[in-house]
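Every position in the sequence shown, counted from 1, becomes a number in our numbering once 63 is added.
Think of the CB as a built atom: it goes at the ideal place given N, C-alpha and C, for glycine as much as any other residue.
As the structure is a computational prediction, the values presented were derived from the model and not from experiment.
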Amino acid sequence: MQIASQNGLAVDTDLALVYAAHYCKFETMECLVDEGNATSFIGPLIKAAECGCLPVVHWFVSRGVNDIEMCLALTTAASNGHFLVASYLLAHIPVNVLEALSQQILKAARGQGSKSLDGVAFLLESNFLRCYCNIRSSGQNCNWEHHWYVSRLGCLSKRTLV
């Protein structure tokens, strides 16, 4: 960063952070954030989740990415078959956020990546939809999309939802 600054070169630190994250260059990532003032973590976090790079995902989570960014990374990791990364993210996203965004997360996960149905199955099997697990006791009606996922993937029996 100092050399670029001394020579009057403009550096796109946010784009550089995406590449540093992709290649797991932690020292470069730290330099770009601390000295280069890179501020956008969403691109590199998504790239790390897409590639299944848990150390990079952990680095960004420990740096304080927000809940929405973690939800986006969760859908990306799950839909690309990186279930270790998805599990890590599930453990770090507050339950109230997961419950509030569960339908949007499932919709996003089913439309991405080559393993998107596996990702949806993983999310359902991981008790991701805690709000749907208690449908019967809360008296809420389940929507058709959830029935479609359940019948298509065989993750839960319909009797528990009606």
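Counted within 10 angstroms of its Cβ, other Cβ atoms place W211 as buried (16 or more) or exposed: Start at 1 with the first residue of the sequence shown, and residue 211 comes out as number 148. Note that W211 scores 36 on pLDDT, short of 50, meaning its location in the model is unreliable; the coordinates nonetheless yield the value given after this. The residue in question, W211, is exposed, as its Cβ has fewer than 16 Cβ neighbours within 10 Å.
Beta-carbon proximity of V160 to D130, cut-off 8 angstroms: Here residue 160 refers to the residue found at position 97 when the sequence shown is read from its first residue. Here residue 130 refers to the residue found at position 67 when the sequence shown is read from its first residue. Going by C-beta atoms, V160 is nearer than 8 angstroms to D130.
Assigned secondary structure, V128 (DSSP; H/G/I helix, E/B strand, else coil): Against the sequence shown, residue 128 aligns to sequence position 65. In this structure, V128 counts as coil in the three-state DSSP scheme.
Cβ-based neighbour list, T76, same chain, cut-off 6 angstroms, excluding 5 preceding and 5 following: Here the question's residue 76 lines up with position 13 in the sequence shown. L95, G99 and A101.
Whole-number beta carbon distance between V148 and G115, since they are thought to touch under 8 angstroms: Position 52 of the sequence shown, counted from the start, is the residue given in the question as residue 115. Position 85 of the sequence shown, counted from the start, is the residue given in the question as residue 148. Indeed, because the Cβ distance is near 5 angstroms, the residues count as touching under 8 angstroms.
Same chain, Cβ closer than 6 angstroms to P107, neighbours up to 5 away in sequence not counted: Locating residue 107 in the sequence shown gives position 44, counting from the first residue. Correct list, in chain order: L80, V81 and A84.
Alpha helix (DSSP H) segment containing T102, residue limits: Walking along the sequence shown from the start, residue 102 turns up at place 39. Careful: T102 lies outside any alpha helix (DSSP H) and carries neither H nor E.
Neighbourhood of H145 by C-beta, 6 angstroms cutoff - its chain only, sequence neighbours within 5 removed: The count along the sequence shown starts at 1 and reaches residue 145 at position 82. So the list reads G115, once near-sequence residues are dropped.
Test item: CB-CB of T139 and I109 under 8 angstroms: Residue 139 sits at position 76 when you count from the first residue of the sequence shown. Residue 109 sits at position 46 when you count from the first residue of the sequence shown. It is a contact, given that the beta carbons lie within the stated cut-off.
Cβ-Cβ distance between F185 and A141 below 8 angstroms: Start at 1 with the first residue of the sequence shown, and residue 185 comes out as number 122. Start at 1 with the first residue of the sequence shown, and residue 141 comes out as number 78. Yes, Cβ-Cβ distance for F185 and A141 is below 8 angstroms.
Reference K88, options S103, A112, W122 and E113, closest by Cα: Within the sequence shown, numbered from 1, the residue matching residue 88 stands at position 25. For the residues S103, A112, W122 and E113, the minimum Cα distance to K88 belongs to W122.
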